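Structure, as structure tokens:
Residue numbers (the working numbering): 22 to 132.
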């Protein structure tokens, strides 16, 4: 039995993008994510970037602002309690160690 690869209906949902490779030959890709960018594929401080210094500085300030406004990460015990569950033994031990370290730093006057 022959496959159905020759039927046009099979290929109707595939978007084909054509372009040229480094040697100038025409290439075709069926990747639906061809037009989408990859996450984190653009380094903010890339020296080969086409952005101006002003745009780079603005992006860096925005990143610092987002980082400053972000809530502190939740511990494993906090996550479990927020979901109405009992924290795991490891999460409870981590919480106790963090409290002991904080008390030690307060006692030494570093906090």
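By construction, the Cβ of each residue, glycine as well, lies at the ideal position given by its N, Cα and C atoms. All values derive from a computational prediction rather than experimental measurement.
Just so you know, the alpha carbons of residue 123 and residue 81 end up roughly 32 Å apart.
Assigned with DSSP and collapsed to three states, residue 131 falls in coil, not helix or strand.
DSSP, reduced to helix, strand and coil, places residue 107 outside both helices and strands of the structure shown, so it counts as coil. Counted as a single uninterrupted DSSP element, the alpha helix (DSSP H) harbouring residue 77 occupies residues 74–90. Note on residue 98: 16 or more other CB atoms within 10 angstroms of its CB, so buried under the neighbour-count rule. Under the three-state reduction of DSSP, residue 115 is assigned to helix. In this structure, residue 119 lies away from residue 108, with their beta-carbon atoms at least 7 Å apart.
Here residue 120 carries a helix assignment [DSSP, helix/strand/coil].
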